[in-house]
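Residue numbers (the numbering used here), protein chains in the order written: chain A, 89 to 1032; chain B, 16 to 207.
Here a beta-carbon is modelled for each residue, glycine too, at the ideal position from N, C-alpha and C.
Treat the numbers as computed from the prediction; the structure is a model and nothing was measured.
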């Protein structure tokens, strides 16, 4: 006989449902529902007290109406009343209504809590379960406050029924997730962990979810669960398929629990205890072996369950990443699945391989499957699977196969599903940049990308190609030639026109020698696209035209005519009109020299993280693109960008690198560029060539970038935007320093009401003393004024003083706040000492608070000379022949403050091969004062 | 964690919805529509996993679903769950329904929505799996059933109403969920 007695339904409910089902139209259905809602409302409001059965029936109807998508704004009170009924069925429906319809901030919670309290103390297991369910489903803070103390007691009490224990475990988990501060495990920890040993598998099933969550948050307190989980797993894995009776699912013993145990183990590193580890490795081997055995059943459920365990085991092997033997077996197993006829398995295999690709032991093994994966990308019928294949190709890409993979992804793009095109475009752009050996290949790839999938090429992608072309002079001619050719196509994408306009405007001269791409031909080609483009692109083209006038005086007459035409100079769009007018005027009144200065070639862009990566990161969770991958890309991206081969001196001389132009800000989207003033209207693509024509808007951001560049040097350009440049020169002796600030007006208009103030955030007021005289309130156009700051260090400090600059430029108030690069290390006296002295002092400073240590990834190359220059710039003495490992650097110095002197020892240990392709440093500072160690450590960790 | 369990038919009509994370009512309905849209256009023999819709968390979540004749069973889960494990869980849930209702069909879900909820509660609680052993689940449901009986008095008359409804002329409605390969009959575990 069926477990559910179908006959026990409620007649009224059944009739109502039938009515709804018989409605011929949506309108009729709504009408019937509204009628019923009115009926129920009147019944609830009526004078006659309803009996439990009626209440139950009406609440059930409301649930049905809710399911159909109608808001239910009443009946909550009646449901709460049902909770206190003695009848199980009434109580049950009351709880159901509340679980489905009451959210955690309802004001009814207090009433509900009362009912729950009664049921929890009823000692009737069924009622207790109902109450626990309700808590777990609503999970509000008030419930946590009321019951977080009670539930652990129920969970571990010896006389609690198993079914109640199960519910209590999950209930506690929910409360912990919602309000971790209220669930104090402390004394219960050990007993909860031991639930893994419980006789009843259902209890273990429920408890393991709780333990996994708690272990993730407090791994140390719960680490005893590792050995218990291993022995439980071992018992399940080695059991015959009948041993576990009801928990055997299609001949697989306890698959769900096995998966959960393997997940729990993924919260921890490999077990340290040899015996435990041995047992676990044995389990994993058994699981891998079973995969090769013939199936015990042909049913899909059998293989599902078996493979669910197998995939979790593989995840664990990948997580440990320490057993080459198992990793290779895992990789082979996944390789088999890649060609399995079950789509689910192919999908999961591709997904798992993605994580396997980042392990050094198996990266090569994964790469051997490249053909299969490419084939999957081409032939899979299911877009979910193709997506995973694309992810895997991205993950397995390295220098050796980049060309092949990028080519395959490009050709796939032509037919790719719309839903994944944008992401594919980003991936291609990143791989092309990351593994570009020659830049012509890079340029070809990106232009192809724009040609094939122009609509999906986001701004970041075309900004990036321009950044790179501008920074690499060896590719500029090729880029100009290629983009010129690409523009020949009768229909080319607007993004191509943008890139073309920009590149030809900058480097068109490099191909102008060829009569087929003479200046006029270039111009006519660009201009033939003009009318098909949107306003921002047209504006960009106008800027390209004025650059043409500078590059090729012979085009002046033609271009002036275009600018003078009504469609430009009277364009209804203000921006276009303004450009046309200004460019026309500029081209007719400025001398060639002035024009050449104004339209000088763009300076190289400062080294920065590829904004495309940031975009992909935003689009996909970090889980999809392994972090190391990103960091990797960041470093190599920087290299490509032209920063890597620049010597320390040129980087520090703050010439090009620290002179970002206003357009750099636009191009480097979202990265914290030092320039923050005068961002043109939001979303504008207008890459402004004229500093002067962009009106300066107010700026008030504090620049950290500039500040950090001055930790190891004293002179340079601290700040620059299109209005103002601030140079800095400083010298320090003992606890005193003098800083010269040079404010340069870059415009031809005077700055009025120019004033500067120094402020001290936090406690700095008492730690540092900066004295200065006010500057002249007028700064003429093109002029530079100087300001001297006298600095006295009273005691050690962590904050930096802030410099606020205010002035009026053309009526608009400008407001700039900068951190002054006054850091504690400026007051260093170098101290030379021999190895024995060094180690003696090192040992003397062995209290934990005296030491500060950081381990971090290298942001720049590990060039010895650069490192030495930086360490000397820090102000300490660099001690040779002290560290037994010649790769390491040790330094010593004394920080001089008015109140005291603080001796500081430093050790920097580079690890060029921390992981493949990842360089790390360990930086250790010891000093007699904890705040000094910490501050220096923080500052220096940003420098290498 | 399981964030939502949605059951709807081939036309997108919801038959059971259960959210374990709070969403406003309107959003719940949008999620159902979006999920239906995502799932229903997929062929029957493609894979059973796909990235979650934009409303329910995007690529951090997966939709794991099974299609039985007229009904889609969709579980929306985060990355802490095993995909194949959830697929099996759906099977356990459906087999349990089949056991409890004797050849379960869509109509059972419609007319006994409350019962379906109670059965689901024995499997999933607050988004976490409570029990995977079908016999244990069925035993709990039977226990509930006995308690309902013992409270008695409500049972006799409505039975006729239900059977009348079930015998109504509903041509588009197949009787049983189980057709084709996906046999949801509970296998008799052969004793070894």
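In the structure shown, residue 1032 of chain A falls within a coil segment according to DSSP collapsed to helix, strand and coil.
Annotated three-state conformation of residue 881 of chain A is strand, per DSSP. Contact annotation: residue 545 of chain A and residue 591 of chain A have beta-carbon atoms that are not nearer than 8 Å. Contact check for residue 847 of chain A and residue 865 of chain A: beta-carbon distance about 19 Å, past the 8 Å limit, so the pair fails to qualify. Between residue 918 of chain A and residue 964 of chain A a beta carbon distance of about 6 Å is seen, short of the 8 Å cut, so the two are scored as contacting. For residue 820 of chain A, no chain B residue has a C-beta closer than 7 Å to its own C-beta; the minimum C-beta separation is roughly 50 Å. The residue among B:144, B:50, B:130 with its C-alpha nearest the C-alpha of residue 163 of chain B is B:130.
Annotation for residue 559 of chain A: the continuous alpha helix (DSSP H) segment containing it runs 547–559. Nearest C-alpha to residue 334 of chain A among B:57, B:166, B:154, B:165: B:154.
Assignment of residue 1014 of chain A by DSSP, reduced to helix, strand and coil, places it in the strand class. Residue-level contact check: residue 23 of chain B does not touch chain A, since none of the beta carbons of chain A fall below 8 Å from its beta carbon. Straight-line spacing of the CA atoms in residue 914 of chain A and residue 593 of chain A works out to 45 Å.
Secondary structure in the region 791–825 of chain A: the alpha helix (DSSP H) runs of 4 residues or longer, each lying completely within the stretch, are 793–797 in chain order.
Under the three-state reduction of DSSP output, residue 945 of chain A falls in the strand class. Contact annotation: in the region 420–443 of chain A, residues whose CB is within less than 7 Å of a CB in chain B are 431, 432, 435, 436. Looking at the backbone, the Cα of residue 616 of chain A and that of residue 473 of chain A are separated by about 43 Å. Burial of residue 493 of chain A is indicated by the presence of at least 16 other C-beta atoms within 10 angstroms of its C-beta. Residue environment for residue 859 of chain A: exposed (fewer than 16 other C-beta atoms within 10 angstroms of its C-beta). One finds 258, 293, 294, 297, 344, 348 in chain A with Cβ atoms closer than 9 Å to the Cβ of residue 144 of chain B, taken in chain order.
Each residue's CA atom was taken as its position, placing residue 514 of chain A and residue 125 of chain B some 46 Å apart. Within the region 74–100 of chain B, the residues whose Cβ lies closer than 8 Å to some Cβ of chain A are 74, 75, 94, 95, 97, 98, 99, 100, listed in chain order. Under the Cβ distance rule, residue 452 of chain A does not count among the residues neighbouring chain B, no pair being separated by less than 8 Å. Membership of residue 164 of chain A in the alpha helix (DSSP H) is indicated by the continuous run 164–171. For residue 108 of chain B, none of the residues of chain A pass the 8 Å Cβ criterion, the least Cβ distance being about 12 Å.
Apart from sequence neighbours up to five positions away, the residues of its chain that approach residue 347 of chain A with a beta-carbon distance below 8 Å are 396, 397, 400, ordered along the chain. Under DSSP, residue 603 of chain A shares a beta bridge with no residue.
With contacts defined by Cβ atoms closer than 8 Å, residue 284 of chain A and residue 332 of chain A do not form a contacting pair. No Cβ-Cβ contact shorter than 8 Å links residue 79 of chain B with residue 49 of chain B. In terms of Cα proximity to residue 655 of chain A, the closest of A:690, A:639, A:618, A:643 is A:618. The straight-line gap separating the alpha-carbon atoms of residue 929 of chain A and residue 1015 of chain A is approximately 10 Å. Counting only residues of its own chain and dropping the five nearest sequence neighbours on each side, residue 468 of chain A has a CB closer than 7 Å to the CB of 474, 477. Inclusion of residue 566 of chain A and residue 606 of chain A in the CB contact set at 8 Å is not warranted, their separation being larger than that value. Three or more beta-carbon pairs separated by less than 8 Å are not found between the region 109–123 of chain A and the region 1021–1032 of chain A, which leaves the two stretches without contact. Close partners of residue 221 of chain A in chain B (Cβ separation under 7 Å): 136, 140. A distance below 7 Å between beta-carbons, with the five flanking residues on each side excluded, links residue 822 of chain A to the following residues of its chain, in chain order: 984. Every alpha helix (DSSP H) stretch that sits fully inside the region 590–676 of chain A and reaches 4 residues is listed by chain position as 607–618, 623–639, 644–652, 654–657.
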